[in-house]
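Numbering follows my numbering, with no gaps: position 18 of the sequence shown is 18. Ideal placement from N, C-alpha and C gives every residue a C-beta, glycine not left out. Structure, as structure tokens:
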Amino acid sequence: MLTKRQNLLETIHGGHPDRFVNQYEAFNILLGSPFGNRNPNPKYGEMNVVNAWGVTKSFPVGTPGAFPVHTPDKIVIKDIENWREYVKVPRVVYDAQEWEPFIAKAEAVDRKEQFLAPFFAPGVFEQCHYLMEIQNCLMAFYEYPDEMHELVDCITQFELDYAAELCKYIKPDAIFHHDDWGSQQSTFISPDMFREFFKPAYEKIYGYYKSHGVELVIHHSDSYAATLVPDMIDMGIDIWQGVMTTNNIPELIKKYGGKISFMGGIDSATIDYEGWTPEVVAKQVDRACAECGKLYFIPGASQGLPMSTFPGVYEETTRQIDLASKRYF
């Protein structure tokens, strides 16, 4: 029997997996860092928590994650033409002693069994609209492109500085990086605009990780982003996590399998709700596995961490994927 790590590599490289990769089983996701200790994020049910960038976030009960609060008094960048007056880039460099607890966690991971994958969020696009508010951000790409290029460059440098510290102290095998690029139906900006503003940023960020020993880049975007898949490949993304059914996953696998793999295929909203049943989960799991096949596909909920909003859903999804492996393999 292959290890979880070996089975994932066989799956994404078109080899001979002996079962489906079951959601996040091949990744040991490392949460936290010295920067994270100074970057508050609301826990489930907490409201109006201000993070290190000055962004206010809330995590209402019954929602799948924390979101920025953008009432006029809480928007960080109130004038994009003078964005430097509002943005205070957090510090990322800390003494080695502060990294010791995280180094200990990393050293405890059996890397023959799993990939050590630090978690990073929000990504470059999300950080832009966290600071600005989504509507203001999207309009600014048209009205103030020079200033938006400057802001993207600023955030990119922050990510590169953070990546340097991660690679220095943790030496990750993979990186699990969040940046939602669309709604369920479309990308937030056109592919051409994405290529202008964000593709160069991610080529730098993911290129840095790859050049410093990171084997896999897993990028989360639980959205429509099929039109960006060629760019994801160019940027060095190995696994698109969170891929939703609005993307026609079987077609993407047929066209791009071998260059990138797809993790998801089960829209969280279809299984993760009050009153869910094992039968509903089983139906969605079997559909995804039947449609998408054994290679270049990792079945799982689209949500961007090994968790669920409602208790038991993640565990039941795991159980059903195990049963699917027995049927299909």
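At 3 residues or longer, what runs of the beta strand (DSSP E) sit wholly inside the segment 103 to 135? DSSP runs (the beta strand (DSSP E)) wholly in the segment 103 to 135: 115 to 120.
Scan the segment 191 to 235 and note each continuous alpha helix (DSSP H) run of 4 residues or more that stays entirely inside, going in chain order. Scanning the segment 191 to 235 for uninterrupted alpha helix (DSSP H) segments of 4 residues or longer gives 191 to 197, 199 to 211, 229 to 235, listed from N- to C-terminal end.
Taking the beta carbon of Ile-103 as the centre, do at least 16 other beta carbons fall within 10 Å, making it buried, or is it exposed? Classification for Ile-103: exposed.
C-alpha distance - Gly-275 paired with Gln-241, whole-angstrom precision: Each residue's Cα considered, the two are about 26 angstroms apart.
Buried versus exposed, by CB contacts within 10 Å (16 or more), Ser-190: Classification of Ser-190: exposed, given that the 10 Å Cβ count is below 16.
How is Thr-156 classed by DSSP in three states: helix, strand or coil? It is helical.
With DSSP collapsed to three states, give me the class of Gln-241. Collapsing the DSSP output to three states places Gln-241 in a strand.
Distance check for Leu-9 and Pro-200, CA to CA, integer angstroms please. Our two residues, Pro-200 and Leu-9, have alpha carbons roughly 27 angstroms apart in a direct line.
Going by beta carbon distance, what residues of the same chain come within less than 7 angstroms of Leu-228, once the five residues before and after it are set aside? Cβ within range, chain order: Trp-181, Thr-187, Pro-191, Phe-194.
Nonlocal neighbours in the same chain, by C-beta distance under 7 angstroms from Lys-57, ignoring five residues either side: Leaving aside the five residues that flank Lys-57 on each side, the residues in its chain whose CB is nearer than 7 angstroms to its CB run, in chain order, Asn-41, Pro-42, Val-49, Asn-51, Ala-66, Phe-67, Pro-68, Val-69.
For Leu-323 and chain C, any beta-carbon pair shorter than 8 angstroms? Absent from the structure: chain C. Only one protein chain is present.
Gly-62 to Val-92, Cα distance in whole Å? Spanning the two alpha carbons is a distance of roughly 32 angstroms.
By the three-class DSSP mapping on this structure, what secondary structure does Ser-302 have? Of the three classes helix, strand and coil, the one that applies to Ser-302 here is coil, per DSSP.
Considering Gly-258, what are the terminal residues of the beta strand (DSSP E) in which it resides? Neither: Gly-258 is in no beta strand (DSSP E) and is coded neither H nor E.
Tell me which residues share the same chain as Leu-160 and place their Cβ nearer than 7 angstroms to its Cβ, disregarding the 5 neighbours each side in the sequence. Listed in chain order, the non-local C-beta contacts of Leu-160 below 7 angstroms within the same chain comprise Lys-204, Ile-205, Tyr-208, local neighbours out to five positions each way being set aside.
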